[in-house]
Structures are given as C-alpha cells and as structure tokens.
Amino acid sequence: MRTNTDGLILKEQNIGEKDKLVTVLTRHNGLLRAFVRGAKGINNRKNSATGMFCYSRLSVYKTKNSYIIDEAQPVEVFFGLREDLRKISLAQYLSQLIQSLANEEEPSEEYLRLLLNSFYFLSKDKYPPEQIKAVTELRAACIAGYMPSLVACEKCGEYETTVMYMDLENGVLYCENCAGSSALFPLEIGIVRALRHIAFSDFEKIYSFKMQESALDDLAYITEKYILSKLQQNFKTLDFYRDVCGIQ
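Quick note, the sequence shown lines up with residues 57 to 304 if you use the working numbering.
Encoded structure:
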C-alpha cells in the first residue's frame with residue numbers, strides 16, 4: 057500500500073553504505089520508521105530530502121515488515137538550525153521529546169504543527185531559545201493529555217496572588233495562603249500567566265509573549281520539570297543542550 061504524505065525527519069541512521077533508516081513525524085500517520093534505499097548515493101536526491109530536520113513531501117509504501125520511502129521532495133530544510141550548537145542541540149531535544157509522545161500510525165497533526173513552528177522560529181531567531189523550549193514542552197504536554205490545572209488555586213479557587221505555588225508532580229496551583237508545603241515550587245505571577253497563555257491560547261498565539269531573560273529561564277525550568285515528571289524518563293539530548301548552554 058502506497059501513501060503520499062508530508063513529514064518532518066526527526067532521526068536518521070545509516071544502514072550499510074548506501075541506505076538509511078529515518079524516523080519521520082507525519083501528519084496523518086504519526087511516527088513512521090522507514091528505509092530510504094540508495095539515499096547515500098552521490099546523485100540521489102532523496103538524501104537531502106530525508107535529512108535530519110528536513111520537512112518533505114514523501115511517497116511511502118508498506119511492505120510486510122517495513123516502510124520504504126521511494127520518493128521525497130524537500131519543502132523546508134531549516135538551514136538556520138545549523139548555525140550554532142545551541143540551536144541544533146535544542147532541536148535535537150525537542151525532536152526526541154515529540155518522539156516520546158507521538159504514536160505510530162495515529163494522526164499527529166498537532167505535534168507536527170508545533171514542532172514545525174518551533175523549528176521555524178528557532179531557525180529565524182524570532183523568539184529566544186528558552187521561550188521556544190518552554191512553549192514546546194508545555195503545549196506538547198497538553199496535546200498528550202497532561203494539561204496542568206492552571207486556572208486557580210486548587211484549594212480555595214483564588215485566581216491570582218502575588219506569588220503562587222505549583223505542585224510539579226500533580227500539575228496543580230496553590231495560592232500563597234493555601235500552599236503550606238516546602239515541596240511546592242514558588243512562581244511569580246508573570247510566570248503563572250505565561251503558563252496559562254501557553255496552555256490555553258489559540259495555537260497562533262502561543263509563542264506571542266514577552267518576558268525578561270531571567271523569567272524565561274524560570275519558565276523553561278518549570279515546563280521542563282513538569283514534562284519530565286509526567287514522562288518519567290531522561291533525555292540525553294536535553295543533557296547535551298544543558299551542557300551547551302552551561303545550565304547546571
């Protein structure tokens with residue numbers, strides 16, 4: 057059976073001298089692992105179209121045991137991601153994160169749209185990397201069914217106090233009067249508003265907010281800790297990104 061689809065290459069692995077195996081996030085078929093025959097040949101046009109971070113139109117057919125990409129045409133290659141190590145390491149982490157959330161052979165429209173926009177903004181320097189990281193982490197968590205409870209205090213229903221406290225493991229907020237636990241993480245109200253914006257805004261608006269660099273660092277720390285607590289796994293690509301950025 058043959059399928060024509062668009063997809064974003066999240067991972068590639070050389071197989072022998074001429075072939076490679078790619079992991080691609082497709083709009084209608086979710087994550088696919090597919091072979092690209094002869095991709096490493098000097099004149100094979102499929103090589104660049106199935107390279108890491110390339111968004112392409114693909115012709116895929118399924119054999120008894122595997123998927124094969126026999127045609128590929130690049131749409132966007134995100135050259136800007138390769139400009140510096142910080143960008144490419146963040147792109148690698150976000151790719152691995154989405155791979156852990158998306159399912160094989162299930163529609164992944166929202167994940168694909170999120171990652172494409174994050175790659176575009178990162179490659180074009182439209183927003184700070186930590187802002188793109190935070191948006192991708194939290195919105196991906198929401199898509200996966202892990203939306204935190206951010207509307208008001210979990211106990212009394214208070215919408216805002218100067219400082220609010222978050223239970224990162226359970227994803228709930230408490231006001232300053234109801235917190236009472238050293239295990240909760242204190243959040244300035246600007247960070248709470250940013251979390252709400254990312255979680256609840258229409259997709260076209262989720263990246264559109266401004267914060268000071270220090271507040272962005274705190275925001276990205278919160279979203280990272282939250283998604284990791286839900287997935288219960290570590291990412292080597294995240295460790296590498298943190299090393300590149302000098303984050304302890």
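In this text, a Cβ means the ideal position worked out from N, Cα and C, and glycines have one as well.
Cβ of residue i within 8 Å of any chain C Cβ
i, result
"ARG83", "No chain C appears in this structure, which consists of one protein chain only."
Span of the alpha helix (DSSP H) around residue i
i, result
"PRO185", "185 to 199"
"VAL300", "292 to 301"
"LYS143", "141 to 157"
Rounded C-alpha distance that separates residue i from residue j
i, j, result
"GLN148", "ILE303", "17 Å"
"PRO185", "SER179", "10 Å"
"GLU165", "GLU232", "39 Å"
"GLY63", "CYS110", "8 Å"
"LEU171", "LEU77", "21 Å"
"ARG101", "LYS292", "31 Å"
"ARG113", "LYS67", "16 Å"
"MET108", "GLN268", "32 Å"
Cβ-Cβ separation, residue j to residue i (assumed contact under 8 Å), whole Å
i, j, result
"LEU87", "GLN155", "7 Å"
"GLU193", "GLU280", "6 Å"
"TYR215", "PRO242", "No, TYR215 and PRO242 are not in contact; Cβ-Cβ is about 17 Å, not under 8 Å."
"HIS84", "PRO163", "5 Å"
Where the beta strand (DSSP E) through residue i begins and ends
i, result
"PHE241", "241 to 244"
"GLN69", "58 to 71"
"PHE91", "86 to 92"
"TYR117", "111 to 118"
7 Å CB neighbourhood of residue i in its chain, flanking five on each side removed
i, result
"ILE144", "LEU137, ARG138"
Same chain, Cβ closer than 6 Å to residue i, five either side skipped, listed in chain order
i, result
"VAL300", "LEU141, ARG142, SER145"
"LEU275", "ALA190, ILE247, ALA250"
Candidates the options: closest to residue i by CA position
i, options, result
"TYR117", "PHE109, MET57, TYR230", "MET57"
"VAL228", "GLY246, GLY107, ILE65, VAL207", "VAL207"
Same chain, Cβ closer than 8 Å to residue i, five either side skipped, listed in chain order
i, result
"ARG169", "PHE259"
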